[in-house]
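Peer 1:
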Amino acid sequence: MNAQRTERREDIIAAPSRFPLREVILFGTLLVAVLGVYAVMGTAYSTRMLVEASCYAILALGLTIQWGYAGQFNAGVMGFVALGAFATMFLSVPVNDAFWGTELPGELGRVLLYGAAAAMLVYGATKLDRVGVPKKLRTLIAIILAVVLYLVVISMMRGVTGEIQSRAGFIGGLGLPAWSGWIVGGALAGAIGYFIGHICLGLRSDYLAIATLGIAEIIKAFLKNSDWLTRGTATVSPLPWPTPGPSELGFTLARSLYLSVTAAMIAVIFFLLHRAYHAPWGRMIRAIRDNEISASAMGKDINKRRLEIFVLGCILMGIGGGALASFNSIFDPNGFLPLNHTFLVLVMVILGGPGNNLGTIFGAVAVYIIWLMSEPLALFLMHGAAALGEGWFGWEPPGNLDSRALQARVFVIGLLITLVLRFAPQGLLPEKVKHHG
Amino acid sequence: MNELVFFINNVIIAGSVTGSIYAIGAVGVTLVFSIMRFAHFAHADMMTFGAFMVLLLTMAFPGVGGAVGLPTPIVMLPLAMVLTALLAVGIDKAFYKPLRAHGVKPIVMVIASLGVTLMLQGLIRLFAGTGSQNLYLAGERKEIYRLDVPFELATRPIIVTEPQIILFILTIVCVVGLHLFLNRTRLGKAMRAMSDNPDLARASGINTNHIVAVTWVVAGGLAAIAGTLLSLDVTFKPDLSFFLLLPIFAAAIVGGVGHPYGAIAGGFVVGFAETLAVFNWTVLLRPIAHLFPEWVEIPRNLAFVGTEYKIVVPFFILVAILVWRPTGIFKGKVI
Numbered sequence: 024m025n026a027q028r029t030e031r032r033e034d035i036i037a038a039p040s041r042f043p044l045r046e047v048i049l050f051g052t053l054l055v056a057v058l059g060v061y062a063v064m065g066t067a068y069s070t071r072m073l074v075e076a077s078c079y080a081i082l083a084l085g086l087t088i089q090w091g092y093a094g095q096f097n098a099g100v101m102g103f104v105a106l107g108a109f110a111t112m113f114l115s116v117p118v119n120d121a122f123w124g125t126e127l128p129g130e131l132g133r134v135l136l137y138g139a140a141a142a143m144l145v146y147g148a149t150k151l152d153r154v155g156v157p158k159k160l161r162t163l164i165a166i167i168l169a170v171v172l173y174l175v176v177i178s179m180m181r182g183v184t185g186e187i188q189s190r191a192g193f194i195g196g197l198g199l200p201a202w203s204g205w206i207v208g209g210a211l212a213g214a215i216g217y218f219i220g221h222i223c224l225g226l227r228s229d230y231l232a233i234a235t236l237g238i239a240e241i242i243k244a245f246l247k248n249s250d251w252l253t254r255g256t257a258t259v260s261p262l263p264w265p266t267p268g269p270s271e272l273g274f275t276l277a278r279s280l281y282l283s284v285t286a287a288m289i290a291v292i293f294f295l296l297h298r299a300y301h302a303p304w305g306r307m308i309r310a311i312r313d314n315e316i317s318a319s320a321m322g323k324d325i326n327k328r329r330l331e332i333f334v335l336g337c338i339l340m341g342i343g344g345g346a347l348a349s350f351n352s353i354f355d356p357n358g359f360l361p362l363n364h365t366f367l368v369l370v371m372v373i374l375g376g377p378g379n380n381l382g383t384i385f386g387a388v389a390v391y392i393i394w395l396m397s398e399p400l401a402l403f404l405m406h407g408a409a410a411l412g413e414g415w416f417g418w419e420p421p422g423n424l425d426s427r428a429l430q431a432r433v434f435v436i437g438l439l440i441t442l443v444l445r446f447a448p449q450g451l452l453p454e455k456v457k458h459h460g
Numbered sequence: 013m014n015e016l017v018f019f020i021n022n023v024i025i026a027g028s029v030t031g032s033i034y035a036i037g038a039v040g041v042t043l044v045f046s047i048m049r050f051a052h053f054a055h056a057d058m059m060t061f062g063a064f065m066v067l068l069l070t071m072a073f074p075g076v077g078g079a080v081g082l083p084t085p086i087v088m089l090p091l092a093m094v095l096t097a098l099l100a101v102g103i104d105k106a107f108y109k110p111l112r113a114h115g116v117k118p119i120v121m122v123i124a125s126l127g128v129t130l131m132l133q134g135l136i137r138l139f140a141g142t143g144s145q146n147l148y149l150a151g152e153r154k155e156i157y158r159l160d161v162p163f164e165l166a167t168r169p170i171i172v173t174e175p176q177i178i179l180f181i182l183t184i185v186c187v188v189g190l191h192l193f194l195n196r197t198r199l200g201k202a203m204r205a206m207s208d209n210p211d212l213a214r215a216s217g218i219n220t221n222h223i224v225a226v227t228w229v230v231a232g233g234l235a236a237i238a239g240t241l242l243s244l245d246v247t248f249k250p251d252l253s254f255f256l257l258l259p260i261f262a263a264a265i266v267g268g269v270g271h272p273y274g275a276i277a278g279g280f281v282v283g284f285a286e287t288l289a290v291f292n293w294t295v296l297l298r299p300i301a302h303l304f305p306e307w308v309e310i311p312r313n314l315a316f317v318g319t320e321y322k323i324v325v326p327f328f329i330l331v332a333i334l335v336w337r338p339t340g341i342f343k344g345k346v347i
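Respectively, the protein sequence lines represent chains R and F.
Following this note's numbering, the numbering of the first sequence begins with 24 at its first residue and continues without gaps.
Following this note's numbering, the numbering of the second sequence begins with 13 at its first residue and continues without gaps.
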């Protein structure tokens, strides 16, 4: 019995020290692919691709700690990306004197103060039962008060925002450096994540998916329609870079500099996550994921730990979204698509290996390259099919052929998700569980 | 009185229309949830698929409706229901069943259903394009009924369109049919048994695979009805999916997940909440403005949210119900 145990232990301890053959092969292939893209598409384009892939890698790391470490499924990555992008835009765009030079900031501040006062009043009304008001009456008073005050404040808000829109365009930014926007974006995304997580994490895991999907659409609707804050569909550009821009250094050098910034961020995040994963905290998170009941029997505060890791993931998504928006140098609320910013990230994580940071980064870069290359491929195939149909059967190709052809990529992403879940649920680089003998 | 007619047109009728559509959709979601225990995200796209099938069939046989005396899309609806039901069963065989056989966690099934959503979306938009299309082809037109109100002061009529009347009738038929199916037939009773306790149902000789297939048939058929009615009321839009999912799930959760009658009630709650929230209350307040003190000035627009923020309403309801009563108003079985 005892001998058997030591034997098995040796086996387990010996396992991690094997030569990382799979990693070497996969990353070697990836390197070849990247070099191939460099050779075919030129350095400026390829460096842009790598920067975007590295921003996506930050998003994917955020999702991998939620899904891979803790088993929480966030279906609204897009919303947190949009929040990060918004915060970056708001902080880094130059100050708009047409707004700050007038009495409008005071007006806006007054309405916001009214809003805060109304919120406090309603909160006070919910505590009326402490002074002897019956509970049912308290609820009634609180609800009526909330409705009336909300209507008052929202009509004031509509007045002020309409005024801002017609006189100053939008309220502009604060003129701070881009990295401050990334940090605030992370904080903002974390705050929304806390709100959602606080409500949903104690319930069935499906509810989190529904709620995140909803909040992502709401954030997008808000950013798209609040013209006074974000200029809505008119988009804001250019957003400043944290590094010298292409006009000073040329495209390749400037983008390489940006790449070095994002790569450094990934390295720091990777190192911190690696430490956290192997720390007692990481083991606790995995214990909760694998067996919730026994973890709670060990006295772990499950909901608190879940909330921690969910918020942490959201913060990373906010930071990644900020970096992506700065690099693209445009804030376009219509550019946030569930496909590009939620499901692509999901594919990166589940294909690369959920819970394995190295696998996630591999998945991010590999999937992003395939994604970019699939666009011309889809167009080519569709045009070919249309030409064949026209030549053989005399079909008339529909007018919006290009936008339809790109829908084929939606199908492929969906197929990829279902196939990976069925045939390779561990991903290409599975999570390595170390056993401490 | 005209204000009241306005209210009836914009809230009562519009709310019942959206409410019925959400209710039919939510019943499907809740049935799938109660049998297979996962939130089926592809439901909204199954609705779109059903409507798309109706569109294709209407384009293929444009004259059928005139012969029967009904709009062609309604005549084609049963066929589209069969096709959607087949699709639902096929999707289950191809994508969900292997995962179920592996015994994966419910959340993995949710992700798989999101994958299926994307596949359906891609396919539908590949063939239907991304623009909206009218289910009423040229040559047919929506009948609009103007009902005069028998009061002196009301000059405007109550307006109901033909698809809305069909929608109300079909909703009643669906609800009654579902009730009879679940309570009077062997299959319906077996379904309820399986939703209560799958192991016990299997032990008492119910073929659970069979029940799963039946559930998909019912869910697919209902999805086709809901999608077609939605497209008839406005137009066929291939990109509604994520905007439909939230209200439908909110309706299912409000009614208590796994509780078909609750889902119907939840659908109407969400539908009316949406229309009430975007309704401009100034219209109703203006006639009684003289009752308010002098200093109260009624703003021109007194809606809770603008129409562009409509999606906030189901989310707010969802959050409220999850905070105060996660089991839903009718005490669903699963939380």
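Every residue gets a Cβ at the ideal spot worked out from N, C-alpha and C, and that includes glycine.
For residue 207/R versus residue 131/R, is the C-beta spacing smaller than 8 angstroms?
Peer 2: It is not a contact, given that the beta carbons lie outside the stated cut-off.
Peer 1: Do you know how far the Cα of residue 46/R is from the Cα of residue 452/R?
Peer 2: Using only the alpha carbons, I get a separation of about 7 angstroms.
Peer 1: Based on the DSSP secondary-structure assignment, which residues constitute the bridge partners of residue 318/F?
Peer 2: In DSSP, residue 318/F forms no bridge with anything.
Peer 1: Would residue 108/R and residue 345/R be called neighbours here (beta carbons separated by less than 8 angstroms)?
Peer 2: Cβ distance < 8 angstroms, so residue 108/R and residue 345/R count as in contact.
Peer 1: I'd like to confirm the pairing. Which residues does DSSP put opposite residue 195/R in its beta bridges?
Peer 2: The partner list for residue 195/R (beta bridge, DSSP) reads 118/R.
Peer 1: What separation, rounded to the nearest whole angstrom, lies between the Cα atoms of residue 337/R and residue 329/R?
Peer 2: So the alpha carbons of these two residues sit roughly 12 angstroms apart.
Peer 1: Assign residue 189/R to buried or exposed, taking buried as 16 or more other Cβ atoms, counted over all protein chains shown, within 10 Å of its Cβ.
Peer 2: Under this definition residue 189/R is an exposed residue.
Peer 1: Candidates 209/R, 280/R, 357/R and 256/R: which alpha carbon is nearest residue 70/R's?
Peer 2: Measuring from the Cα of residue 70/R, the nearest candidate turns out to be 280/R.
Peer 1: Hey, would you say residue 76/F sits closer than 8 angstroms to residue 272/F, going by beta carbons?
Peer 2: No, the Cβ-Cβ distance between residue 76/F and residue 272/F is not below 8 angstroms.
Peer 1: Going by DSSP in three states, residue 442/R sits in which element: helix, strand or coil?
Peer 2: Residue 442/R falls in the helix class under three-state DSSP.
Peer 1: What residues from chain R crowd round residue 123/F, counting only those whose CB sits closer than 9 angstroms?
Peer 2: By Cβ distance, chain R contributes 90, 96, 98, 232, 369, 373, 440, 441 and 444.
Peer 1: Evaluate the contact criterion for the segment 326-334 of chain F versus the segment 274-287 of chain F: three or more CB pairs, one atom per stretch, below 8 angstroms.
Peer 2: Flag = yes, the segment 326-334 of chain F and the segment 274-287 of chain F touch.
Peer 1: Check the C-beta distance from residue 395/R over to residue 101/R and give it rounded, since I have them as a contact under 8 angstroms.
Peer 2: Rounded, the Cβ-Cβ distance is 19 angstroms, inconsistent with contact.
Peer 1: Under three-state DSSP, which class holds residue 158/F?
Peer 2: Of the three classes helix, strand and coil, the one that applies to residue 158/F here is strand, per DSSP.
Peer 1: Output the distance between the C-alpha atoms of residue 274/F and residue 318/F, rounded to the nearest integer angstrom.
Peer 2: Using only the alpha carbons, I get a separation of about 28 angstroms.
Peer 1: Under 8 angstroms: do the segment 76-89 of chain F and the segment 278-298 of chain F share three or more Cβ pairs, one atom per stretch?
Peer 2: Segments in contact, no.
Peer 1: Along the chain, where does the alpha helix (DSSP H) that runs through residue 240/F open and close?
Peer 2: First-last of the alpha helix (DSSP H) with residue 240/F: 220-245.
Peer 1: Tell me the DSSP secondary structure of residue 304/F in three-state form.
Peer 2: Here residue 304/F sits in coil by DSSP.
Peer 1: Could you name the residues of the segment 103-114 of chain F whose beta carbon sits closer than 7 angstroms to any beta carbon of chain R, in the order they occur along the chain?
Peer 2: Under the 7 angstroms Cβ criterion, the segment 103-114 of chain F contributes 107, 110 and 111.
Peer 1: Per DSSP, residue 188/R forms a beta bridge with which residues?
Peer 2: Paired residue(s): none; residue 188/R is not in a bridge.
Peer 1: Using only the alpha-carbon positions, how far apart do residue 185/R and residue 251/R sit?
Peer 2: For residue 185/R and residue 251/R, the distance between alpha carbons rounds to 7 angstroms.
Peer 1: Could you spell out where the beta strand (DSSP E) holding residue 172/F opens and where it closes?
Peer 2: 170-173 is the span of the beta strand (DSSP E), which, as asked, contains residue 172/F.
Peer 1: List, in chain order, every chain R residue whose beta-carbon is nearer than 9 angstroms to that of residue 133/F.
Peer 2: Simply 362, 430, 433, 434 and 437.
Peer 1: Which residues in the same chain as residue 435/R place their Cβ atom closer than 8 angstroms to its Cβ, once the five residues preceding and following it in sequence are excluded?
Peer 2: 397.
Peer 1: Name, please, each residue of chain F whose Cβ falls closer than 8 angstroms to the Cβ of residue 178/R.
Peer 2: Per Cβ cutoff of 8 angstroms: 311, 313 and 314.
Peer 1: From this set, 93/F, 108/F, 140/F and 31/F, which residue's C-alpha is nearest residue 259/F's C-alpha?
Peer 2: Of 93/F, 108/F, 140/F and 31/F, the residue nearest in Cα terms is 31/F.
Peer 1: Is there at least one Cβ from chain F nearer than 8 angstroms to residue 366/R's Cβ?
Peer 2: Interface residue, yes.
Peer 1: Quick check: the Cα distance between residue 246/R and residue 356/R, rounded to an integer number of angstroms?
Peer 2: Spanning the two alpha carbons is a distance of roughly 6 angstroms.
Peer 1: If I measure Cβ to Cβ from residue 202/R and keep anything under 7 angstroms in the same chain, skipping five residues before and after, which residues do I get?
Peer 2: Taken in chain order, the residues that qualify are 265.
Peer 1: What's the gap between the Cα of residue 49/F and the Cα of residue 231/F?
Peer 2: Cα-Cα distance, rounded: 14 angstroms.
Peer 1: Residue 89/R by DSSP, collapsed to three states: which one?
Peer 2: Reduced to three states, the DSSP call for residue 89/R is helix.
Peer 1: Beta carbon of residue 231/R, beta carbon of residue 115/R: below 8 angstroms?
Peer 2: It is not a contact, given that the beta carbons lie outside the stated cut-off.
Peer 1: Between residue 78/R and chain F, is there a C-beta pair that is closer than 8 angstroms?
Peer 2: Chain F contact via Cβ: absent.
Peer 1: Quick one: give me the first and last residue of the alpha helix (DSSP H) that residue 150/R is part of.
Peer 2: Unbroken run through residue 150/R: none, as it is neither H nor E.
Peer 1: Does residue 228/R get closer than 8 angstroms to chain F when you measure Cβ to Cβ?
Peer 2: It does; some Cβ of chain F falls within 8 angstroms.
Peer 1: Could you check the C-alpha separation between residue 326/R and residue 220/R for me, to the nearest Å?
Peer 2: So the two alpha carbons sit approximately 9 angstroms from each other.
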